[in-house]
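Q: Line by line, the protein sequences are chains A and B. Numbering-wise, my numbering puts 110 at position 110 of the first sequence, and it's gapless, one number per residue. Numbering-wise, my numbering puts 1178 at position 178 of the second sequence, and it's gapless, one number per residue. This is the structure I have questions about; it appears just below.
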Amino acid sequence: MKTRKLLLTFNKNSVEKPIVYHLVKDFDLIINLYRARITAEEQGSMILDVTGSEKNIADGIAFIEKEGVSIDDAQKSFRWDEQICTSCGNCLTHCPVDALHIENKKTMKVVFEPDLCIDCLGCIDNCPYGACQSIFQE
Amino acid sequence: MKTYDEINEKIASKKAVVLTAAEIIDYVDKKGVEKAAQEVDVVTTATFGPMCSSGCFINFGHSNPKIRITEAWIDDVLAYSGIAAVDLFIGATQLRHNDPANLDYPGEFRFGGGHVIEKLIAGEELQLFALSYGTDEYPRREIRTTFTINDLNQAIMVNPRNCYQNYNVAVNASNKPIYTYMGKLKPNMGNISYSSAGQLSPLLNDPFYKTIGIGTSVWLAGAHGHVYAEGTQHTSDVVRGINGVPEEGAGTLALTGDMKEMDAEFIRGVSLKGYGVSMAVGVGIPIPILNEEILKFTTIADRDIKAPVIDYSYDYPNKTGKTLATVTYEELKSGTVNILGKEIESSSMSSYEKALTIAGILKAEIEDGKFYLAKPFKKLPENQKMKSLSVKD
Ligand code: SF4
Ligand code: SF4
């Protein structure tokens, strides 16, 4: 069993397709959906974990792409700008999975671990410097 | 025993021995106070965090025809113009015109005076819009133009209150979230927020203001500035612990420096959800090791510095004076603290990492003979209490 985090981007033609249903039913994948959004321009974004056999994941991805939905690394939905971050640490207690954390207590530098991020947006509201951004924010 | 002059001579010949306030702790542990006091000339301290009582004076020079500005906005942020014709004061917490503030609670407060000042220092273009009633010698009644810091005659930062000696640690004991200048505080003491560089912080390393006084040279966001007065709310008559280090707010400094020498990495606009805008300031202050006593003060470590935990949902706004507990910065920096039997996740508003960077930069500048010490010409007030405002009916 493998897990991959995916960011799906739907366009006007694909936004109404029941992609998740098919991933479960046809490819036997376990889905953990973090966040989904459709804008007034009928563009959609969805971030999810898919868990299943390597072959089923590959087939599922091929299916998604065939349906006209583009796939990206999940992390591209959320951006942490190291240049803007001051390592103040104010976000730390608002990140439920410690994706933002301090590795070295001597320097107290804040680092970001993209694989852990679940796009909860907790840090975005709590970064005084605007170092965190997500395509899901309002 | 060393004098300011002797240390400055060593700096001039690039022979000064300089350590940061973090490095000095282990150094003195190893070498002992006596030996270390002979060897070390300067200890550098620093801090970086939101300091609301900050701002700057700027001068535009005159347009043709001339204007005596009576109202002004820079990038839509109101600037104070009740001074000379083309002088303005930009305050860090001034909110942009038309910002809905907390009408849609909690507000986002995306842009304000602190952001204007950051843009200025970064050399970015800003917009000036100003009005006047017109006079015989200043006939112009309106002006709209763009400018950068290079177009200004002067841009002088003037911060009435920086470098709080110590600070409150904030929690929220109520059952709903609150939004404060210490960040979002989760209900039922769900998190805890502090704001101090602890063992690196200038006035914690000189608790009785023996070397930091009026006239002391400081590193202000890259500029070589100085302490021009006691900071507003400077309170020296406070509860003190190990080494005489205050266990509450205490002393403050008023700082000034030339913004044309500053680096925008160390002056940053701040947006605090539900609270407002502010500005983060990076400051470094050198402490001359004139004698063993002064050295001993600089060896203070996070484990020895205590701060009061205050409930910002009730005790802070209602000024009850109640403290829930005291904690050390070592505990706070560890990520979790135990308050009244409850494990609470901690985080900070100020950046220790940036403070460490500044202490390192100042150290390097002194070693390179680029930054000199100035002997204060007046001491900060001792045994000074804080007054309250009584509301008369
Ligand atoms: S979006 Fe959520 S999970 Fe990701 S870094 Fe921010 S707080 Fe952490
Ligand atoms: S709150 Fe923002 S600036 Fe502060 S550590 Fe987190 S990401 Fe960095």
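Each residue gets a CB set at the ideal place from its N, CA and C atoms; glycine is no exception.
Would you verify that the beta carbon of B/Gly1183 is, or is not, closer than 8 angstroms to some beta carbon of chain A?
A: It does: the Cβ of B/Gly1183 has a partner Cβ on chain A nearer than 8 angstroms.
Q: With distances taken between CB atoms, is the gap from A/Leu116 to A/Leu48 smaller than 8 angstroms?
A: Taking 8 angstroms as the Cβ cut-off, A/Leu116 and A/Leu48 do not qualify as a contacting pair.
Q: Let me see if you follow: with CB-CB separation under 8 angstroms, is A/Leu29 close to chain B or not?
A: Chain B contact via Cβ: absent.
Q: Given A/Gln81, which residues of its chain have a CB within under 7 angstroms of its CB, disregarding the five upstream and five downstream residues?
A: Going by the sequence as given, residue 81 of chain A is Asp instead of Gln. Answer for A/Asp81: Ala131, listed in chain order.
Q: Please report the distance separating the alpha-carbon of A/Gln83 from that of B/Ala1036.
A: Their backbone Cα atoms lie some 37 angstroms apart in a straight line.
Q: Enumerate in chain order the residues of its own chain whose CB-to-CB distance from B/Pro1065 is below 7 angstroms, with the five nearest sequence positions on each side excluded.
A: Here the set comprises Pro1139 and Arg1140.
Q: In terms of residue numbering, what span does the beta strand (DSSP E) encompassing A/Val24 cover?
A: First-last for A/Val24: Ile19 to Lys25, but that is the alpha helix (DSSP H), not the beta strand (DSSP E).
Q: Based on DSSP bridge pairs, tell me the residues matched to B/Pro1286.
A: Answer by DSSP bridge pairing, in chain order: B/Thr1044.
Q: Could you compute how far the alpha carbon of B/Glu1034 sits from the alpha carbon of B/Thr1045?
A: Distance between the alpha carbons of B/Glu1034 and B/Thr1045 is about 21 angstroms.
Q: In chain order, what residues of the segment 97-129 of chain A put their CB closer than 9 angstroms to some CB of chain B?
A: Listed by position along the chain: His101, Ile102, Lys105, Lys106, Thr107, Met108, Lys109, Val110, Asp125, Asn126, Cys127, Pro128 and Tyr129.
Q: Short of 9 angstroms Cβ to Cβ, which residues in the segment 1033-1059 of chain B face chain A?
A: Under the 9 angstroms Cβ criterion, the segment 1033-1059 of chain B contributes Phe1048, Gly1049 and Pro1050.
Q: What's the C-alpha gap between B/Ala1197 and B/Ala1264?
A: The straight-line gap from Cα to Cα measures roughly 20 angstroms.
Q: Give me the residue from B/Phe1266, B/Tyr1314 and B/Lys1322 with the minimum Cα distance to B/Ala1355.
A: Answer by Cα proximity: B/Phe1266.
Q: Roughly how many whole angstroms lie between the Cα atoms of A/Phe27 and B/Ser1174?
A: Going by the C-alpha atoms only, they are around 48 angstroms apart.
Q: Look up B/Glu1367 in the DSSP assignment and say whether it is helix, strand or coil.
A: Residue state, collapsed to three classes: helix.
Q: Shorter than 7 angstroms, the distance from the beta carbon of A/Ser87 to the closest heavy atom of ligand 2, or not?
A: The answer is yes for A/Ser87.
Q: Just checking, does the segment 60-67 of chain A make contact with the segment 103-116 of chain A on the three C-beta pairs under 8 angstroms criterion?
A: Too few Cβ pairs lie closer than 8 angstroms, so no.
Q: For A/Leu92, return the contacting residues in chain B, with the cut-off set at a CB-CB distance below 7 angstroms.
A: Near A/Leu92 (Cβ distances below 7 angstroms), the residues of chain B are Ser1347.
Q: Which residues in the same chain as B/Glu969 place their Cβ atom closer than 6 angstroms to its Cβ, once the five residues preceding and following it in sequence are excluded?
A: Because chain B is modelled from 1001 through 1393, residue 969 of chain B falls outside the range shown and cannot be assessed.
Q: Just by C-beta distance, which residues in the segment 1252-1278 of chain B are closer than 7 angstroms to chain A?
A: Taking 7 angstroms as the Cβ-Cβ cut-off against chain A, the residues of the segment 1252-1278 of chain B that qualify are Arg1268, Val1270, Ser1271, Leu1272 and Lys1273.
Q: When the Cα of B/Ser1217 is compared with those of B/Gly1241, B/Ile1366 and B/Ile1121, which residue comes out closest?
A: Looking at the Cα atoms, B/Ile1366 is the closest of the given residues.
Q: Under 8 angstroms: do the segment 1060-1077 of chain B and the segment 1123-1132 of chain B share three or more Cβ pairs, one atom per stretch?
A: Yes, the segment 1060-1077 of chain B is in contact with the segment 1123-1132 of chain B.
Q: Which of helix, strand or coil does DSSP assign to B/Cys1052?
A: In the structure shown, B/Cys1052 sits in coil (DSSP, three-state: anything other than H, G, I, E or B).
Q: To the nearest angstrom, how far is the alpha carbon of B/Ser1351 from that of B/Tyr1164?
A: Answer to the nearest angstrom: the Cα atoms are 14 angstroms apart.
Q: Is the CB of B/Glu1353 under 8 angstroms away from at least one CB in chain A?
A: Yes, its Cβ sits closer than 8 angstroms to a Cβ of chain A.
Q: If you pair each beta-carbon of the segment 1242-1250 of chain B with each one of the segment 1212-1226 of chain B, do three or more pairs fall below 8 angstroms?
A: Contact between the segment 1242-1250 of chain B and the segment 1212-1226 of chain B is absent, because fewer than three Cβ pairs lie under 8 angstroms.
Q: On the CB-based measure, 16 or more other CB atoms within 10 Å of its CB, does B/Ile1083 come out buried or exposed?
A: B/Ile1083 is exposed by the Cβ-count criterion.
Q: Can you determine whether any heavy atom of ligand 2 sits closer than 7 angstroms to the C-beta of A/Lys123, and answer yes or no?
A: The identity of residue 123 of chain A in the sequence shown is Cys, whereas the question assumes Lys. True, at least one ligand heavy atom lies under 7 angstroms from that Cβ.
Q: Please confirm whether any heavy atom of ligand 3 lies closer than 7 angstroms to the CB of B/Asn1191.
A: In the structure on display, ligand 3 does not appear, and the ligands it does have are ligand 1 and ligand 2.
Q: Mind checking who B/Asn1168 pairs with in its DSSP beta bridge?
A: Beta-bridge pairing links B/Asn1168 to no other residue.
Q: So for B/Glu1345, helix, strand or coil by DSSP?
A: If DSSP states are grouped into helix, strand and coil, B/Glu1345 belongs with the strands.
Q: Below 7 angstroms, is the gap between the Cβ of A/His94 and the nearest heavy atom of ligand 1?
A: Under cutoff, so the answer is yes.
Q: Between the alpha carbons of B/Ala1130 and B/Gly1114, how many angstroms are there, rounded?
A: Cα to Cα, the separation comes out at about 19 angstroms.
Q: Do the CB positions of B/Val1277 and B/Phe1057 come within less than 8 angstroms of each other?
A: Going by C-beta atoms, B/Val1277 is not nearer than 8 angstroms to B/Phe1057.
Q: Please tell me whether, using a cut-off of 7 angstroms, the distance from the CB of A/Asp119 to the nearest non-hydrogen atom of ligand 1 is below it.
A: Yes, ligand 1 has a heavy atom inside 7 angstroms of this Cβ.
Q: Where A/Ser14 and A/Val69 are concerned, what is the direct C-alpha to C-alpha distance, given to the nearest angstrom?
A: Going by the C-alpha atoms only, they are around 6 angstroms apart.
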